[in-house]
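Protein chains in written order, with UniProt numbering: chain W, 1 to 138; chain B, 1 to 276.
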């Protein structure tokens, strides 16, 4: 299955104030592909979780928003790239209730449940890249 | 001394003003009477500073004046571009007079260079003044927003409600919590309703903040109800895996108020109209 990118933009995230504008941009992409309110909310909540991780653990980074199509369905793909310390044990980080910070430990596993496609790559000392895709009818 | 080259300008102050206002009128960057006053003041201060330019303090006065003029023009609706044009046309007028006064090309060049240096610096200052004016407005608005966005409303004797609109981040939560707890003490309320109808998304951080607020309220001996949970928010919270089972949640403020009435053993009944 090949996916085509129709529209793409990048945003730099360095402060907490950047979170809300980014979320609004992602929501606009969701509206443009015709997502339901529920899927929009899931997408922006997932975005919100990951961008907070990006700021808290990655020390800020880059976010790429794309509107994508696989022929049958349209969707939004968001990629979060940071150059932080990386995640030592991804399996552990994906477990419910595990957190190295003082949070609920639901960010990564919860996000995975909110979106259709979830991909995480991390290398110690080389940062983390998380890619999520939410389909319009997913 | 280079500045002596510019001193000749002082004797032609009136001519300078005439040419300047002419250029201003042609370019459309001027606005008549009010500006004439400003221009006169600026020209005389500028020229007197030129003759005493050894003294940096003199120029500081000119700088203060131009910053004042720039922000007052800004308030009168001039764009930063027009502010810059205001000074640039002064420069044009001055160099026009200089070219009549100084015949030696090398000296004329020196004088113009000096003039440019001084006035370009001032043009930059007008931009800075404009930006600063805007920034002041923005920071004042931020303060105002954070103050008006967390009102605690006493809806009934013993019941306070707090509608939250916008994103709940850490600093916002702090203000919300402080206001709420203080109001519980001040009004002696035993029930607090947190309405999140206006919160666009509830992620795990927002949920954590809500849970903390509820715990703090309970520590004060009051009960906390969270209302305004929209259907999409409910589903998102479930998918995220956030456990809100220990908290009383309601879909609308009305049903939260009803629950609060029940807790206080109050009953709202429709009055019977007795006919005849």
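Every residue, glycine too, gets a C-beta built ideally from N, C-alpha and C. Bear in mind that the values here come from a model prediction, so they are computed numbers and not experimental data.
So, with DSSP's three-state summary, where would you put residue i?
i                      : result
residue 1 of chain B   : Any answer about residue 1 of chain B is weak, because its pLDDT of 41 lies below 50 and its placement is not dependable; what the coordinates show is given next. Residue 1 of chain B: coil per DSSP, three-state reduction.
residue 275 of chain B : coil
residue 163 of chain B : strand
residue 269 of chain B : coil
residue 4 of chain W   : strand
residue 197 of chain B : strand
residue 192 of chain B : strand
residue 154 of chain B : strand
residue 213 of chain B : helix
residue 227 of chain B : strand
residue 124 of chain B : helix
residue 264 of chain B : coil
residue 244 of chain B : coil
residue 168 of chain B : coil
residue 97 of chain B  : helix
residue 111 of chain B : helix
residue 256 of chain B : helix
Output needed for residue i: all residues of its chain with C-beta closer than 6 Å, excluding positions within five of it in sequence on either side, in chain order.
i                      : result
residue 248 of chain B : 225
residue 11 of chain W  : 22, 63
residue 267 of chain B : none
Can you list, in chain order, the residues of its chain whose CB lies under 8 Å from that of residue i, leaving out five sequence neighbours each side?
i                      : result
residue 126 of chain W : 83, 86
residue 30 of chain W  : 39, 40, 43, 44, 76, 134
residue 40 of chain B  : 17
residue 23 of chain W  : 44, 47, 48, 51
residue 27 of chain W  : 40, 43, 44
residue 73 of chain W  : 135, 136, 137, 138
Comparing the C-beta of residue i with each C-beta of chain W, is any distance below 9 Å?
i                      : result
residue 241 of chain B : yes
residue 207 of chain B : yes
residue 170 of chain B : yes
residue 141 of chain B : no
residue 167 of chain B : yes
residue 236 of chain B : yes
residue 201 of chain B : yes
So residue i and residue j are supposed to be a Cβ contact under 8 Å. How far apart are they, rounded?
i                      : j                      : result
residue 42 of chain B  : residue 84 of chain B  : Not quite, the Cβ-Cβ distance comes to about 14 Å (not below 8 Å), so this is no contact.
residue 56 of chain W  : residue 101 of chain W : 6 Å
residue 105 of chain W : residue 96 of chain W  : 7 Å
residue 19 of chain B  : residue 93 of chain B  : 4 Å
residue 154 of chain B : residue 70 of chain B  : With 8 Å as the limit, residue 154 of chain B and residue 70 of chain B do not qualify as a contact, their Cβ atoms being about 47 Å apart.
residue 12 of chain B  : residue 97 of chain B  : 5 Å
With a threshold of 9 Å between beta carbons, is residue i in contact with chain B?
i                      : result
residue 135 of chain W : no
residue 60 of chain W  : no
residue 32 of chain W  : no
residue 54 of chain W  : no
residue 95 of chain W  : no
residue 117 of chain W : no
residue 16 of chain W  : yes
residue 138 of chain W : no
Give, in chain order, every unbroken run of the beta strand (DSSP E) that is at least 3 residues long and sits entirely within the UniProt domain "Histidine kinase/HSP90-like ATPase" (38-138) of chain W.
-> 61-69, 74-82, 117-123, 127-135
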